[in-house]
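For the sequence shown, the residue numbers in my numbering are 4 to 122.
For every residue, glycine included, the Cβ atom is placed at its ideal position computed from N, Cα and C.
Worksheet for the structure shown next.
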Amino acid sequence: MYVFNEMHCKPEEAALPIVSPVFAQKKELEGLPRAIICYADHDCLKSEGQKYAGMLRDAGVCVADMLASGMPHGFYESGFGKISEGEMDFLGDDVKEMIRNGKIAQASQECLDFVREKF
Numbered sequence: 004m005y006v007f008n009e010m011h012c013k014p015e016e017a018a019l020p021i022v023s024p025v026f027a028q029k030k031e032l033e034g035l036p037r038a039i040i041c042y043a044d045h046d047c048l049k050s051e052g053q054k055y056a057g058m059l060r061d062a063g064v065c066v067a068d069m070l071a072s073g074m075p076h077g078f079y080e081s082g083f084g085k086i087s088e089g090e091m092d093f094l095g096d097d098v099k100e101m102i103r104n105g106k107i108a109q110a111s112q113e114c115l116d117f118v119r120e121k122f
């Protein structure tokens, strides 16, 4: 997360709602269009996504959300294409196995189906 934060924004920008929506005020969320959120079960950002969904609901926004059980952060990007050897080298053994056995592709398809159903 340190590397991401260093590349994503300046430290003084980290609490801006445009960087991290969990810092938005209710009045900033009111009137937003409906939202569809898919969480990865083993993602360090899952709790932030769930908090944001709750904030949206509290602001009167319709939210459809789902949990991709057992999935790591970034699973969706890995589910629909060929993963290069360089990318595979970066992943942990458990994620590599989920790619090889098709579990990530299956979870990605389930997420896509959920979005299609709710859209």
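- Assigned with DSSP and collapsed to three states, Asp-46 falls in coil, not helix or strand.
- By the Cβ neighbour-count rule, Phe-78 is buried, with 16 or more other Cβ atoms within 10 Å of its own.
- Nearest in C-alpha terms to Ser-72, of all of Cys-12, Glu-113, Glu-51, Met-10, is Glu-113.
- Between Phe-117 and Cys-41, the C-beta gap is smaller than 8 angstroms, which places the two residues in contact.
- DSSP places Cys-41 in the strand class (E or B) of the three-state scheme.
- In this structure the stretch 27-36 lies against the stretch 53-64, because at least three pairs of beta carbons, one per stretch, are closer than 8 angstroms.
- As the crow flies, the alpha-carbon of Tyr-55 is around 14 angstroms from that of Ala-18.
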